[in-house]
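Have a look at the structure below, then the notes.
Protein chains: 2
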Amino acid sequence: MHNDDSFDLQGFLPYLLAQAAETASAGFQRHYKDRYGMLRTEWRVLFHLGRYGPMTAKDIGARARVHKTKISRAVAALETKRFLTRNVVTRDRRQAKLDLTKNGQAAFDDLYKAAQAFDAQLMAGFSRQEGAALKRCLAALAAQ
Amino acid sequence: MHNDDSFDLQGFLPYLLAQAAETASAGFQRHYKDRYGMLRTEWRVLFHLGRYGPMTAKDIGARARVHKTKISRAVAALETKRFLTRNVVTRDRRQAKLDLTKNGQAAFDDLYKAAQAFDAQLMAGFSRQEGAALKRCLAALAAQ
DNA sequence: CCTTGTTAGTTACAAAAACAACTAATACGT
DNA sequence: ACGTATTAGTTGTTTTTGTAACTAACAAGG
């Protein structure tokens, strides 16, 4: 077949990352999907608005490194769910400042807590240094 | 907005994993996509056959934790690319053993080398222990 | 002003993924 | 052998994503 040294998929970093990401993502999905019918990008948009305050779609895209069409659709979905409102910026009418509604804020508060708990649960398997090192490595890989 | 402790997206493990996985995946994609017109699942199927020898679609799905419809379509695509052949198993005619063709084998050899090099490049940013620890953590997370 | 270029955001269309339903072959219990 | 249940794999349909083209608003140079 081929000879040799023990390089297999389980040792291939992109594969490991994909598997771990999928597992983690699937685990947290039930919070925002099952409970609020949200997609992942919607959850991210909600998170940004809840965590950092009102901003435009552009701002979210820049922060989260997500393409503007995904943001656009997520914002539209969150608007129909009445989780946010759009307010056209008067000094530049192309932009719209996005504000969470009461409901949106409540959903954020709930999911924010859930996210913290979920993260803690995932990290529970590691020692403090190990976990910190893991996150540092991942951040470095993502920054490539 | 909300009060308090510094929990943001950059510290949320599922987010970090998703970002790192996406970056790594996009980086390696050019090898199998640009050069062979393959999709990710096709590359994984090719990898399994090249690395572990002929097996059925079922086997690949079990090993790679991929759904059978994805495998089915990847196999069909690899067959039209003349990278593999199907051979119905006589003792159970539902199954087909998948064998790489010369071309398939050549593509695998090429991509296998590329994968090793790519992995080495990604790991270059880390010390030996750090890298090993990273992979151990990821494997543990994927196994959840 | 008026042309040209750029930017924020949306929409339309193509590619891919997810999910469900299906076919054909085998296994099993009686 | 016969009816039912499983299993391997495929196909069809719906969501979701990716890409490109578009609209509306602004900016800058003349």
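Protein chains in written order, with numbering that gives the first Met the number 0: chain A, 0 to 143; chain B, 0 to 143. Here a beta-carbon is modelled for each residue, glycine too, at the ideal position from N, C-alpha and C.
Under three-state DSSP, which class holds residue i?
i: residue 80 (chain A); result: coil
i: residue 98 (chain A); result: strand
i: residue 55 (chain A); result: strand
i: residue 72 (chain A); result: helix
i: residue 144 (chain B); result: No statement about residue 144 (chain B) is possible, as the shown extent of chain B runs from 0 to 143 and does not include it.
i: residue 2 (chain A); result: With a pLDDT of 47 at residue 2 (chain A), under the threshold of 50, the predicted position of this residue should be treated as unreliable, and no value is reported.
i: residue 7 (chain B); result: coil
i: residue 30 (chain B); result: helix
i: residue 47 (chain B); result: helix
i: residue 120 (chain A); result: helix
i: residue 12 (chain A); result: helix
i: residue 128 (chain A); result: helix
i: residue 38 (chain B); result: coil
i: residue 64 (chain B); result: coil
i: residue 143 (chain A); result: coil
With distances taken from CA atoms, which of the options is nearest residue i?
i: residue 41 (chain A); options: A:20, A:22 and A:66; result: A:66
i: residue 36 (chain B); options: B:129, B:103 and B:60; result: B:103
i: residue 48 (chain A); options: A:136, A:123, A:78 and A:141; result: A:78
i: residue 61 (chain A); options: A:84, A:44, A:9 and A:72; result: A:44
i: residue 59 (chain A); options: A:27, A:19, A:32 and A:97; result: A:97
i: residue 95 (chain A); options: A:13, A:83 and A:105; result: A:83
i: residue 99 (chain A); options: A:32, A:76, A:120 and A:141; result: A:76
i: residue 136 (chain A); options: B:122, B:6, B:55 and B:117; result: B:122
i: residue 141 (chain B); options: A:69, A:124 and A:50; result: A:124
i: residue 110 (chain B); options: B:50, B:139 and B:74; result: B:50
i: residue 143 (chain B); options: B:112, B:117, B:119 and B:64; result: B:64
i: residue 10 (chain B); options: A:29, A:46, A:8 and A:25; result: A:46
i: residue 28 (chain A); options: A:7, A:134, A:114 and A:126; result: A:114
i: residue 101 (chain A); options: A:80, A:39, A:71 and A:25; result: A:80
i: residue 38 (chain B); options: B:73, B:117 and B:119; result: B:73
From the DSSP secondary-structure annotation, give me the bridge partner or partners of residue i.
i: residue 87 (chain B); result: B:95
Quick one: which residues of the segment 115-126 of chain B get their C-beta closer than 9 Å to a C-beta of chain A? List them in chain order. Correct list: 115, 117, 118, 121, 122, 124 and 125.
Note down, in chain order, all residues in the segment 89-113 of chain B with a beta-carbon under 7 Å from any beta-carbon belonging to chain A. Under the 7 Å Cβ criterion, the segment 89-113 of chain B contributes no residue.
Just by C-beta distance, which residues in the segment 75-88 of chain A are closer than 9 Å to chain B? Within the segment 75-88 of chain A, no residue has a Cβ that lies closer than 9 Å to any Cβ of chain B.
Cβ contact (3+ pairs, closer than 8 Å) linking the segment 129-143 of chain A and the segment 81-98 of chain A: Contact fails: fewer than three Cβ-Cβ distances are below 8 Å.
Near-chain B residues of the segment 11-24 of chain A - C-beta to any C-beta below 7 Å: Answer set for the segment 11-24 of chain A: 11, 12, 13, 15, 16, 17, 18, 19, 20, 22, 23 and 24.
How about the segment 18-37 of chain B and the segment 12-27 of chain A: do they share at least three Cβ pairs that are nearer than 8 Å? In the pairwise beta carbon analysis, the segment 18-37 of chain B is classified as touching the segment 12-27 of chain A: at least three pairs are separated by under 8 Å.
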